[in-house]
Amino acid sequence: MTAEIRNNWTLDQVNELFNMPFNDLMFKAQVTHREHFDPNQVQVSTLLSIKTGACPEDCKYCPQSARYSTGLEKERLMEVEKVLTRAKEAKEIGSTRFCMGAAWRNPKDRDMPYVIEMIKGVKELGLETCMTLGMLTKEQALALNEAGLDYYNHNLDTSPEYYGDIITTRTYEDRLNTLQNVRDAGMNVCSGGIVGLGESAKDRSGLLIALANLPRHPESVPINMLVKVEGTPLDNVEDLESFEFIRTIAIARIMMPKSHVRLSAGREGMNEQMQAMCFLAGANSIFYGCKLLTTGNPDEHFDQKLFKKLGINAEKGRDYSDETKVAALFEQINEQTKPKEKEMFYPA
Ligand code: SF4
0 MTAEIRNNWT
10 LDQVNELFNM
20 PFNDLMFKAQ
30 VTHREHFDPN
40 QVQVSTLLSI
50 KTGACPEDCK
60 YCPQSARYST
70 GLEKERLMEV
80 EKVLTRAKEA
90 KEIGSTRFCM
100 GAAWRNPKDR
110 DMPYVIEMIK
120 GVKELGLETC
130 MTLGMLTKEQ
140 ALALNEAGLD
150 YYNHNLDTSP
160 EYYGDIITTR
170 TYEDRLNTLQ
180 NVRDAGMNVC
190 SGGIVGLGES
200 AKDRSGLLIA
210 LANLPRHPES
220 VPINMLVKVE
230 GTPLDNVEDL
240 ESFEFIRTIA
250 IARIMMPKSH
260 VRLSAGREGM
270 NEQMQAMCFL
280 AGANSIFYGC
290 KLLTTGNPDE
300 HFDQKLFKKL
310 GINAEKGRDY
320 SDETKVAALF
330 EQINEQTKPK
340 EKEMFYPA
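For the record, in the sequence shown the residue sitting at position 50 is 49 according to numbering that gives the first Met the number 0, with numbers rising by one throughout.
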């Protein structure tokens, strides 16, 4: 029986899922996953930071905020040509989507012509496009859609109840308005959150409810594990238990059966077995290379090897049979996009 697409989840129902025996939950998630997806395919995106640091917002987990002293090297908006070079490389290693992120509260009018040129150029390469630029007005969303932007990322981060403990410079309502503007303009929505922020189990349920009870489920749901960065207020927060993270992925899969659930930031700190568990729980999208905005993402060789061990193929992406050629390309891209240090940026 096909899982029903619902937008009316209650806290009790979601808490009940979190309290299920682990094996039962994994089975339920995997059954749901197989109803809508090829269980051995994972969508691969590449993420590039097109403008780094000096963000006026105060997200407590983020080293890109100008308010915290994290040693992050600021970078101005990248030139369009450089972005297109990176996009070509991403295509070469098998990415099907190129995501561009800027550490802005919102794009300014003067930035729009550049980002529009980037979208058009990346589209011409035959890649899907995604951007994360902060809050958007209706007009900006329409302009990005017209330029051909396929996805817009804007995360809800955490539950509405815990949100005020993490960010004070924009409201939950602001975020929901941006998501609405993106939807109304006709783009696909990419929206998820971060766990391990010191939130309660109830907050993890609350985040998933906020996402799944949107009028339409986001097409893409990134679930990030906090990467603690020295200098940010959450540097010393207690680690989230691995099984709790895997459960969150499984429940996201059950609640949003047709969405791509993305294993996002924090993947670097997960061993192969944990990542495999996340795929089993229904994660079917990852980022490759070009640094995860500013955090190191697992080395592409590692991803390539893991895919091979698990018999996973990249969705509509590269055929990994010509390993030597692919390995050389990975090597080249790693060299060019090596993270400078342990830095982090969550698209917001
Ligand atoms: S998460 Fe985004 S909005 Fe928040 S501080 Fe970082 S770059 Fe700025």
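In this text, a Cβ means the ideal position worked out from N, Cα and C, and glycines have one as well.
Report yes if the C-beta distance between residue i and residue j is below 8 angstroms; otherwise report no.
i, j, result
"Asp149", "Thr128", "yes"
"Gly221", "Ser263", "The sequence given here places Pro at residue 221; Gly does not occur at that position. Cβ distance < 8 angstroms, so Pro221 and Ser263 count as in contact."
"Ile193", "Leu225", "yes"
"Leu207", "Met134", "no"
"Gln29", "Leu279", "yes"
"Ala86", "Pro159", "no"
"Val13", "Ile245", "no"
"Pro76", "Ala101", "Looking at the sequence shown, residue 76 is not Pro but Leu. Cβ atoms of Leu76 and Ala101: closer than 8 angstroms."
"Ala53", "Lys81", "no"
"Ala379", "Asn144", "In this structure the chain extends from 0 to 347, so residue 379 is not present and cannot be described."
"Asn180", "Lys119", "no"
"Glu237", "Ile166", "no"
"Val43", "Glu243", "no"
"Pro217", "Ser190", "yes"
"Leu46", "Phe286", "yes"
"Met19", "Val79", "no"
"Asn312", "Asn39", "yes"
"Ile115", "Ala140", "no"
"Glu205", "Pro62", "Reading the sequence as shown, one finds Gly at residue 205 and not Glu. No, they are not a contact pair."
"Val41", "Ser284", "yes"
"Thr69", "Val188", "no"
"Arg252", "Thr31", "yes"
"Trp8", "Ala211", "yes"
Any idea which residues DSSP pairs residue i with across the strands?
i, result
"Tyr150", "Cys129 and Asn187"
"Phe286", "Ser44"
"Ile193", "Asn223"
"Asn180", "Answer by DSSP bridge pairing: none, since Asn180 is not bridged."
"Ala313", "Val41"
"Ser64", "Cys54"
"Glu74", "Thr51"
"Asp371", "Given a span of 0 to 347 for the chain in the structure shown, any question on residue 371 remains unanswerable."
In the DSSP assignment, find the beta strand (DSSP E) that holds residue i and state where it starts and stops.
i, result
"Phe97", "Arg96 to Ala101"
"Val260", "His259 to Leu262"
Within 10 angstroms of its Cβ, does residue i collect 16 or more other Cβ (buried), or is it exposed?
i, result
"Pro106", "buried"
"Ser199", "exposed"
"Asn154", "buried"
"Gln272", "exposed"
"Arg203", "buried"
"Arg261", "buried"
"Asp108", "exposed"
"Arg33", "exposed"
"Cys289", "Reliability of the predicted coordinates at Cys289 is poor, the pLDDT of 45 falling under 50, and the value obtained from them is presented with this limitation in mind. Burial call: buried."
"Phe36", "buried"
"Arg174", "buried"
"Lys59", "buried"
"Lys308", "exposed"
"Leu24", "buried"
"Leu132", "buried"
"Asp156", "buried"
"Arg266", "buried"
"Asp11", "exposed"
"Pro112", "exposed"
"Gly281", "buried"
"Asn235", "exposed"
"Gly93", "buried"
"Phe97", "buried"
What is the residue span of the alpha helix (DSSP H) that residue i lies within?
i, result
"His35", "Phe21 to His35"
"Lys122", "Met111 to Glu123"
"Ala200", "Ala200 to Ala211"
"Lys59", "That residue, Lys59, is in no alpha helix (DSSP H); it is neither H nor E in DSSP."
"Met276", "Glu271 to Leu279"
"Ile245", "Ser241 to Met254"
"Lys90", "Val79 to Glu91"
"Leu16", "Leu10 to Phe17"
Does residue i have its Cβ less than 8 angstroms from a Cβ in chain B?
i, result
"Arg66", "Included in the structure is just one protein chain, with no chain B present."
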